[in-house]
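Written below as structure tokens is the structure these notes are about.
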Amino acid sequence: MSVGQCLRRGRDFREAKSCDRILPLPQPYTRAPILNMQIDQTTIFIAIAGITVLVAIWIIWIEVRLKRIFRGRRTKDLESLLTDIAEDISAIQKQLREDGTHIATLEKELEQSARHVGMVRFNAFNEAGGDQSFAVTLLNDKKDGIVISSLHNRETNRVYAKPIEQAASAYHLSEEEKEAIRRAVTRGS
1 MSVGQCLRRG RDFREAKSCD RILPLPQPYT RAPILNMQID QTTIFIAIAG ITVLVAIWII
61 WIEVRLKRIF RGRRTKDLES LLTDIAEDIS AIQKQLREDG THIATLEKEL EQSARHVGMV
121 RFNAFNEAGG DQSFAVTLLN DKKDGIVISS LHNRETNRVY AKPIEQAASA YHLSEEEKEA
181 IRRAVTRGS
């Protein structure tokens, strides 16, 4: 006998002998073995509503992140965006290589530039005051360069230039020129 036949005859199918193999209908309340609490339709509805709210928040969060990613881009699909980003990265890497080469060239040129300067003002002749004479040294990182001396008196002004190699010169240097070289070397260190 089927469940329908048992119910049509008005019998409790759990008590009917011919309906022994038929499982009983679920009760309005069932026990949740893990939580040991009763679950009804309201609880299920609240759980589904909570999950729906969490999923909606998650979707909004993803949407905000995608808008940030697509900001300033003409493309609207992720594949095109990633392709654009890969091309941008490739262009940046190329520019970095070019900049690295350019920087290396500039560093070599900078080694030869006058980066160390020393100056001494002095009175070359006793009759002229005000320390109008001077000696200026311009050296590169290898301590090569030039020392320029200007000797000033009332009637004339004389300028001398002497080459410097390794902080020394093949020409005779005055004490003021030696002091200018010393200042350039010590300031550059």
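First residue of the sequence shown: 1, per the numbering used here; consecutive thereafter. Positions of the beta carbon are idealized from the N, C-alpha and C atoms, including for glycine. A quick note: this is a predicted structure, and the numbers were derived from the prediction, not measured.
Item to check | L139, buried or exposed, once every other Cβ within 10 Å from all chains shown has been counted against 16 | outcome: By the neighbour-count rule (16 or more Cβ atoms within 10 Å), L139 is buried.
Checklist entry - Would S133 be called buried (16 or more neighbouring beta carbons within 10 Å of its own) or exposed? => result With 16 or more other CB atoms across the displayed protein chains lying within 10 angstroms of its CB, S133 is buried.
Item to check | Closest Cα partner of A161 within the set R154, D84 and I181 | outcome: Minimum Cα distance to A161 is reached at I181.
Checklist entry - Does the count of Cβ pairs from the segment 111-126 and the segment 93-103 closer than 8 Å reach three? => result Remark: fewer than three beta-carbon pairs, one from each stretch, lie closer than 8 Å, so the segment 111-126 and the segment 93-103 are not flagged as touching.
Checklist entry - So, helix, strand or coil for K142, using DSSP? => result If DSSP states are grouped into helix, strand and coil, K142 belongs with coil.
Next on the checklist: Short of 8 Å in beta carbon distance, which residues of its chain neighbour Q166, apart from the five on each side in sequence? Order them along the chain.
Outcome noted: Within the same chain, Q166 has close Cβ partners K142, K143 and D144.
Checklist entry - Where do the N-terminal and C-terminal ends of the alpha helix (DSSP H) with K94 fall, by residue? => result Where K94 is concerned, the enclosing alpha helix (DSSP H) stretches over L78 to Q112.
Checklist entry - Span of the alpha helix (DSSP H) holding R65? => result Element bounds for R65: Q41 to F70.
Next on the checklist: Looking at L54: is its Cβ nearer than 8 Å to the Cβ of F70?
Outcome noted: At a Cβ-Cβ threshold of 8 Å, L54 and F70 do not count as neighbours.
Checklist entry - For the beta strand (DSSP E) that contains H116, what are its first and last residues? => result Where H116 is concerned, the enclosing beta strand (DSSP E) stretches over H116 to F122.
Checklist entry - Under three-state DSSP, which class holds A167? => result DSSP places A167 in coil when its eight states are reduced to three.
Checklist entry - Just to confirm, are V147 and S169 a CB contact at a threshold of 8 Å? => result Their beta carbons are under 8 Å apart, which means V147 touches S169 by this criterion.
Checklist entry - Going along the chain, which residues of its own chain have a beta-carbon closer than 8 Å to the beta-carbon of R187, five neighbours each way excluded? => result Excluding sequence neighbours, R187 sits near H116, V117 and G118.
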